[in-house]
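Take a look at the structure below.
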Amino acid sequence: MNRPGKQDEIRDEIEFHIDETIDALIANGMSPADARREAARRYGNRRRHAAAMRAVNRPDIIGTMFEEVRFAIRALRRAPAYTMTAVLTLALVSGVNLTMFGIADGLTYRPLKYLKSPSQVHRVYWQWTNNGRVTTSASTQYTRVVDLIRDGSTFADVAAFAERTVPVGEGADVQQQVIAPVSASYWRFFNAGPALGRFFTPEEDVTPRGADVVVLGHRYWRTQFAGRNVLGQVLKIGDLRATIIGVAPEGFDGLNDGRPPVAFVPITSYAASTGTSDSKTYFSAYKWGWVHILVRRAPGVTVAAASMPRGSSRPRGRSSWRTTRACRPPTRRNRARFSLRSARALVQPPVPKQRRPRGC
Amino acid sequence: MNFLPGTLDLLILQALAQGQLHGYDVVAWIREKTNGFLEIEDGALYTSLHRMEARGWLRHEWTTSPKGRRAKYYSLSPEGRRELKSGEREWIRFSGAVAQVFQGSDA
């Protein structure tokens, strides 16, 4: 299947050509109706040509596969004993392979590209017990990042990051894309300099609203801007009109669980730009849970010590949890539902979701 | 008229050797240079453009035309320039050989 973007491009290209032809014919004295007919005639069968243009970019996968399958069946039918042995061997090997892969996947992680001292870096998961049931969540409120930074001693560094899908670009070029709102401290976790320009600074990532700047993902920069110098250009990202100040290095995909982001914006700029009621209180209320947290343990602090409940960074007791859910009136049922008997920040290696070991 | 295989591609490459053009400009350039002798079905030209782009001979850029319309502009890649040079040499040799045959018949 061709991407919708490609189909739109083909349609736009054909329409442009026909419009130009009509203009030229009218300029030569033809009536608009005749010009439209003549332009359509000159272009030929529009549907057939559009299909041919699409086919150019689409290899004949089905046809090739069909040929390969037919060839394999003919070969296997000539040697049934060999076929049975091969099928049984493959079945056994596949089963063993699948089991081993599952074990290996659960025990090992591939290190993330550019991450500085991976053994000291963790994602923070929030865990609480509610009526005997343990719940673990990777996302939390931005206010908890503020709390963790204020708490100080356990973590040498704290960064916030999130993943949003928003319209990027303007006019006919606009497309839904994955972006990463991140804190300025995020860049300190990586041994990576920008491929172009610079990353944003702490002064550009401040509450209540950071600067309207953006660092492009390397792949997006190559495909959308052909690797040109785009510094200083303005790119519309959701409700932000952000000035491009840099390009992330090649192969840098950040820590998002899904698709690699096309752009990185200051998390405070994004949060404030959304125009919701949360955009005004995201840094002071415990309401909008959308942020993931990355920490670097301070020297001498163990994972167990870092995971213990402590200070204001832990999800607080009943009263603060009610504050978190301030949109709900504090009824008796509600109080029982959100009472937190134990809560802690559980630190885990920074593994994206698809590679996270079971049980996290 | 029917084109010999590869001729249309070569004409398009030669048109784009003049600079960055969109498909309509390419058609207009070929019509003008051949005094309208080569009648190309416009749609066929785009299939050629896309095919050559898929082969890496062309690059494209979406930008705004002088009339303010969003247009796809094509330009030659280094591979496209090499292809044009070799195609031009082949064509001159081929047409020279055919011309020789007919000149010989007239004599």
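Note that the protein sequences, when read in sequence, are chains A and B.
For what it's worth, the working numbering labels the leading residue of the first sequence as 505, then goes sequentially.
For what it's worth, the working numbering labels the leading residue of the second sequence as 552, then goes sequentially.
Even for Gly, the Cβ is constructed at its ideal location relative to N, Cα and C.
Since the structure is predicted, the reported quantities are computational estimates derived from the model, not experimental observations.
Check	Outcome
Thinking C-beta only, is A:Phe756 closer than 8 angstroms to A:Lys617?	yes
Specify the secondary structure class of A:Gln499 as computed by DSSP and reduced to three states.	A query on residue 499 of chain A cannot be resolved here, the shown segment of chain A reaching from 505 to 864 and no further.
Can you name the residues of chain A whose CB is closer than 9 angstroms to the CB of B:Glu612?	Ala730
Can you find the residues in the same chain that come closer than 6 angstroms, C-beta to C-beta, to A:Cys831, ignoring five residues on each side of it along the sequence?	Caution is warranted here: a pLDDT of 24 is assigned to A:Cys831, below 50, making its placement in the model unreliable, and no coordinate value can be reported.
Can you name the residues of chain A whose CB is closer than 8 angstroms to the CB of B:Asp593?	His521, Thr525, Arg546, Tyr547 and Gly548
Under the rule that 16 or more other beta-carbon atoms within 10 Å means buried, what is B:Asp576, buried or exposed?	buried
Does the separation of the CB atoms of A:Ala699 and A:Ala746 fall below 8 angstroms?	no
If you reduce the DSSP assignment to three classes, tell me which class A:Tyr790 lands in.	coil
Look up A:Pro671 in the DSSP assignment and give the residues it is bridged to.	A:Gln680
From A:Ser788 to A:Ala664, what distance separates their C-alpha atoms?	15 angstroms
Closer than 9 angstroms, Cβ to any Cβ of chain A: which residues of the stretch 621 to 635 of chain B, in chain order?	Arg621, Ala622 and Lys623
Can you pull the chain A residues whose beta carbon is under 7 angstroms from the beta carbon of B:Thr615, in chain order?	Correct list: empty, because the minimum Cβ distance to chain A is about 10 angstroms.
Is B:Arg602 close to chain A, meaning its C-beta is less than 8 angstroms from at least one C-beta of that chain?	yes
Please tell me whether B:Ser599 and B:Arg610 are closer than 8 angstroms, where the distance is taken between their beta carbons.	no
Locate the alpha helix (DSSP H) running through A:Ala660, then write down its first and last residues.	Looking at the DSSP string, A:Ala660 is not in any alpha helix (DSSP H); the run it does join, the beta strand (DSSP E), is Phe659 to Phe665.
Ends of the alpha helix (DSSP H) at A:Pro536?	Pro536 to Tyr547
I'd like to know whether the C-beta of B:Gly607 is nearer than 8 angstroms to at least one C-beta of chain A.	no
If you draw a straight line from the alpha carbon of A:Arg668 to that of A:Glu517, how long is it in whole angstroms?	31 angstroms
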